[in-house]
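Report on the structure given below.
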Amino acid sequence: MLVVKKFGGTSVADKDRIMNVAKRCIADYKAGNDVVVVLSAMGKQTDVLIDMAKEINPNPPRRELDMLMTTGEQVSVAMMAMAMDVLGVPCVSLNAYQVAMHTTSVYGNARLKRIDTERIRNELDLKKIVIITGFQGVNKYDDYTTLGRGGSDTTAVALAAALHADKCEIYTDVEGVYTADPRVVPKARKLKEITYDEMLDLATLGAGVLHNRSVELAKKYGVRLVVRSSMSEAEGTVIKEVVKVERMLVSGVAADKNVTRISVVGLEDRPGVAFRLFDALAKANINVDMILQSIGRDNTKDITFTIPRDMEKDALDALEGIKDTLNMQDINTNSQVAKVSIVGAGMMSNPGVASKMFECLYNANINIRMISTSEIRVTVLIDEKEVEKAMNVIHDMFGLED
Ligand code: ADP
Ligand code: ASP
Ligand code: MG
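Below is the structure:
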């Protein structure tokens, strides 16, 4: 059997944890499996590197930031290989360049395009455990890229797909996927199983336990994913196509604080205005999420939308570039907002779920600033400081507790 095992930052934060992970991987290897290990940077090392960069340049060039960030994962794979060596097991560490993990060229948010498997296969044939850097890739200029924060999960799933692995296990610092972030909602319950679609929405809407593109890839290539703890033997959560257990109305609540709301006020009310506005943002590679256009009055209208908070400067620069051609009167931004969402495939056939969510926010005196919905989710934009309260009251309302 070929197993891909991915360990996040907390799981390899220090010497003892690295030894613990090494032993866990060796147990699998000794049971006769081919083992590929994917690692994140140790502890909060990626944050430390970003802070270091910003100390010398508040706006570091994205290429150089990737060059710096990729060192984090390189440290962990080398340390892990040394740990396994001391335990007497043959192994080799490889970075994205050595494997050849090809990505698109966008620094900081690259997508994996193709993974060469030859080197990995050769090392596995030599009966070695292969330890690979998560989060990083190489683009067509032979430069290092990164896959976006939390991207090691995506490296692991992409490797599992490319190698036709039998299993892909994501080891982290909680015991699986919960009905809400257990650090925010103490009553959150661990899910035994969840569908790809529900997990994809939860991950996209802020449930940081999995990188959303890893779920997208797992669905596309049918990789069965398991999320479990690196500190215990507890059974984790299985992510797969169909879930047998009775369909719940809502399977989870997620929150995302990486949000800024931008309002463009006093735009001319004529065809082509929205197109030019969002075209400028798209060309600057900015993901726009919720969009609200006011009803026109006096031949003007307002357009309000949300973007990731870390793209605020780029978005404002892009808007500045079209300010004159679009005749806008004003641009307001608010970064003290956050999105809270409920996700559940059971919503499709049950009207009234959204109103139930709005009712409990009303009871908690929380003001809703924007709303968006799909067949299996409802998202509201609220003040950031009310996120914890909102998540807990919504979680209680839908009876998701243990
Ligand atoms: P790793 O470094 O292992 O990749 P992450 O910090 O990226 O770990 O992801 C694990 C964290 O995700 C947990 O510590 C938890 O606080 C958070 N989290 C958010 N939403 C959920 C959820 N629905 N279920 C489980 N964990 C969640
Ligand atoms: N080390 C990277 C990060 O902190 C990637 C990851 O942990 O998945 O974002
Ligand atoms: Mg993670």
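Per our numbering, numbering of the sequence shown is gapless, rising by one per residue and ending at 394.
Beta carbons: idealized from backbone N, C-alpha and C, even for Gly.
Everything numeric in this text was worked out from a predicted model, so none of it was measured.
With 5 Å as the limit between CB and the heavy atoms of the ligand MG, the residues that fall short of it are Gly0 and Gly142. In this structure, cysteine 352 places its C-beta atom within 8 Å of the C-beta atom of methionine 389. If you ignore the 5 residues before and after alanine 276, its C-beta comes within less than 6 Å of the C-beta of Asp306 and Ala310, all in its own chain and listed in chain order. Around the beta-carbon of aspartate 302, fewer than 16 other beta-carbon atoms lie within 10 Å, marking it exposed. Across the structure, glycine 35 and tyrosine 163 are spaced so that their CA atoms are roughly 14 Å apart. Taking 4 residues as the shortest admissible run, the segment 323 to 377 contains the following complete alpha helix (DSSP H) segments, listed from N- to C-terminal end: 345 to 355.
Per DSSP, the continuous beta strand (DSSP E) segment holding phenylalanine -1 begins and ends at -6 to -1. Taking 8 Å as the cut-off, the Cβ atoms of serine 222 and valine 13 count as close. The beta-bridge partner set that DSSP reports for isoleucine 124 consists of Val30 and Leu86. Annotation for glutamate 378: Ile358 place their beta carbon closer than 7 Å to its own, counting only its chain and skipping 5 residues before and after. Distances from the alpha-carbon of valine 215 to those of Ala199, Val234 and Glu225 put Val234 closest. Annotation for tyrosine 163: the continuous beta strand (DSSP E) segment containing it runs 159 to 164. In this structure, isoleucine 231 keeps its C-beta atom at 8 Å or more from the C-beta atom of alanine 272.
Per DSSP, reduced to three states, the secondary structure at methionine 389 is helical. Between methionine 93 and isoleucine 121, the CB-CB gap reaches or exceeds 8 Å. The beta carbon of threonine 96 lies closer than 8 Å to those of Ala102, Arg103, Lys105, Asn131 and Thr137 in the same chain, with the five residues before and after it left out. Beta-bridge analysis with DSSP links glycine 244 to Val335. Relative to the ligand ASP, serine 3 has its C-beta separated by 7 Å or more from all heavy atoms.
Annotation for leucine 86: Ile124 place their beta carbon closer than 6 Å to its own, counting only its chain and skipping 5 residues before and after. Between valine 27 and lysine -3, the C-beta spacing is below 8 Å. Within the same chain, Cβ atoms closer than 6 Å to the Cβ of valine 69 are found at Leu31, Ser85, Ile123 and Thr125, the five residues on either side in sequence being excluded. Of all C-beta pairs linking the segment 176 to 183 to the segment 113 to 120, fewer than three are shorter than 8 Å, placing the two stretches out of contact.
Methionine 349 sits away from glutamate 367, with the two beta carbons spaced by 8 Å or more.
In this structure, the beta-carbon distance from leucine -6 to leucine 155 falls below 8 Å.
In the displayed model, isoleucine 278 falls within coil according to three-state DSSP, outside both helix and strand.
By the beta-carbon neighbour count (other beta carbons within 10 angstroms, threshold 16), threonine 187 is buried.
In the DSSP assignment, lysine 7 falls within the alpha helix (DSSP H) that extends over 7 to 22. Boundaries of the beta strand (DSSP E) harbouring tyrosine 136: 136 to 138, taken from the DSSP string.
For glutamine 37, DSSP assigns no beta-bridge partner whatsoever. Note that the C-beta distance between aspartate 189 and alanine 33 is not below 8 Å. Nearest in C-alpha terms to isoleucine 374, of all of Arg268, Gly391, Thr252 and Gly344, is Thr252. Here isoleucine 18 is near valine 81, since their CB atoms are less than 8 Å apart. In this structure, the beta-carbon distance from threonine 196 to glycine 244 does not fall below 8 Å. Going by beta carbons, lysine 331 and alanine 356 fall outside the 8 Å limit. Relative to the ligand ADP, the nearest heavy atom lies less than 7 Å away from the CB of tyrosine 170.
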